[in-house]
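Engineer:
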Ligand SMILES: [Zn+2]
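In the numbering used here, the protein residues as written are 14 to 234.
1. What do you reckon, are the CB atoms on residue 141 and residue 160 nearer than 7 Å?
2. Applying the criterion that 16 or more other CB atoms from any shown protein chain within 10 Å of the CB defines a buried residue, is residue 176 buried or exposed?
3. Which two residues bound the contiguous alpha helix (DSSP H) that contains residue 108?
4. Comparing the CB of residue 174 with every heavy atom of ligand 1, is any distance shorter than 6 Å?
5. Closer than 6 Å from C-beta to any heavy atom of ligand 1: which residues, in chain order?
6. Let me know the secondary structure DSSP gives residue 95 once reduced to three states.
7. Can you tell me where the beta strand (DSSP E) holding residue 123 begins and where it ends?
8. For the beta strand (DSSP E) that contains residue 166, what are its first and last residues?
9. If residue 139 sits next to residue 104, beta carbons under 8 Å apart, how far is it from one beta carbon to the other, in whole angstroms?
10. Could you work out which residue in 106, 168 and 89 is closest to residue 128 when comparing CA atoms only?
11. Does residue 208 pass the burial test, meaning 16 or more other C-beta atoms within 10 Å, or should it be called exposed?
12. Entirely within the region 176-211 and at least 3 residues each: give me those beta strand (DSSP E) ranges in chain order.
13. Can you name, in chain order, every residue of its own chain whose Cβ lies under 7 Å from the Cβ of residue 98, other than the five neighbours on each side?
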């Protein structure tokens with residue numbers, strides 16, 4: 014025999030508990046991050062391997078641990094893409110070249126290999142990135158492109174040849190990570206020659222910059 018009064022009492026207790034849970038959930042739900050909506054929020058890009066960028070993220074794009082700054086992020090505002098203007102190379106030799114020019118260390122933050130010194134498409138993380146230190150890759154009158162610009166060097170001379178498909182996939186993957194993490198749009202993605210005051214062909218006439226910017230534009234809309 015069911016005791017209706019007892020059952021009603023239990024239901025009321027149960028409902029009261031549910032209300033409390035509902036209120037807690039409601040207030041948690043008021044946090045800025047929308048639940049169930051994939052947004053390119055920087056906090057999503059804090060773990061390796063997490064899908065963080067809606068749109069045309071390349072297949073197999075995984076964020077390695079070393080892309081994530083170990084300390085507080087610098088106030089990055091733009092990204093500048095370069096070529097090495099050499100047939101081969103990698104972070105180690107470019108570091109030596111840059112030191113030879115009197116710079117403190119490798120001027121770029123990232124170097125994307127072409128299968129010569131490092132594997133095709135392999136993204137080397139420069140010592141500047143680990144320290145979140147300003148770059149030495151793109152001059153400008155106020156030096157803002159070195160102060161706030163992330164320098165990415167794609168190995169190759171793209172006046173003579175084209176970057177490999179693997180390099181471009183790695184570049185898109187890296188850009189996807191960086192643009193989401195620093196909430197950048199396509200207007201903050203440059204190639205070296207686009208920055209005023211730089212008399213350079215970098216990253217070369219065969220580098221598909223317009224295509225890359227179209228991709229970034231579509232991905233960030
Ligand atoms: Zn350059």
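We put the CB at the ideal spot given by N, CA and C, even for glycine.
Structural biologist: In brief:
1. no
2. Under this definition residue 176 is a buried residue.
3. 104-113 is the span of the alpha helix (DSSP H), which, as asked, contains residue 108.
4. Checking the Cβ of residue 174 against ligand 1 gives no.
5. 95, 205, 213 and 215
6. It is a strand residue.
7. 123-125
8. 162-167
9. 6 Å
10. 168
11. buried
12. 202-204
13. 170 and 215
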